[in-house]
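Novice: Going letter by letter, the sequence shown gives residues 10 to 73 in the numbering used here. For glycine and all other residues, C-beta sits at the position ideal for the given N, C-alpha and C.
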Amino acid sequence: MKPTCYVLLGLITLGLLLSPLLPFVNTPTLWFGLPAIMVWMSVLVLLITPVLAALEFTRPEDDA
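#1: Taking the straight line between their C-alpha atoms, what separation do you get for I46 and L18?
#2: I think I21 touches V60, with their Cβ atoms under 8 angstroms apart; what is that distance to the nearest whole Å?
#3: Would you decide whether V34 is buried or exposed? Buried here means 16 or more other CB atoms lie within 10 Å of its CB.
#4: Beta-carbon separation of L53 and L25 under 8 angstroms?
#5: Can you give me the C-alpha to C-alpha distance between P37 and L31, rounded to a whole angstrom?
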């Protein structure tokens with residue numbers, strides 16, 4: 010499960026870093042009444058938490 014978590018974490022981080030450059034996010038449109046980039050980044054930030062929790066809880070005990 011660890012390689013999958015690392016890939017997901019990398020994709021989320023890449024999405025956060027590239028958010029201002031993504032054309033479908035960096036538009037004057039509203040998603041759920043908020044600017045698209047704000048919703049996009051909020052979703053990515055909320056996705057980081059379970060991925061980091063999965064990495065933490067699947068870590069072997071001797072890595073502590």
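Specialist: Judging by the given coordinates:
#1: Taking the straight line from one Cα to the other gives about 19 angstroms.
#2: For a cut-off of 8 angstroms, the C-beta gap from I21 to V60 is around 7 angstroms, short enough to register as a contact.
#3: Around the beta carbon of V34, a 10 Å sphere encloses 16 or more other beta carbons of the protein chains shown; the residue is thus reported as buried.
#4: Contact flag set, yes.
#5: About 13 angstroms.
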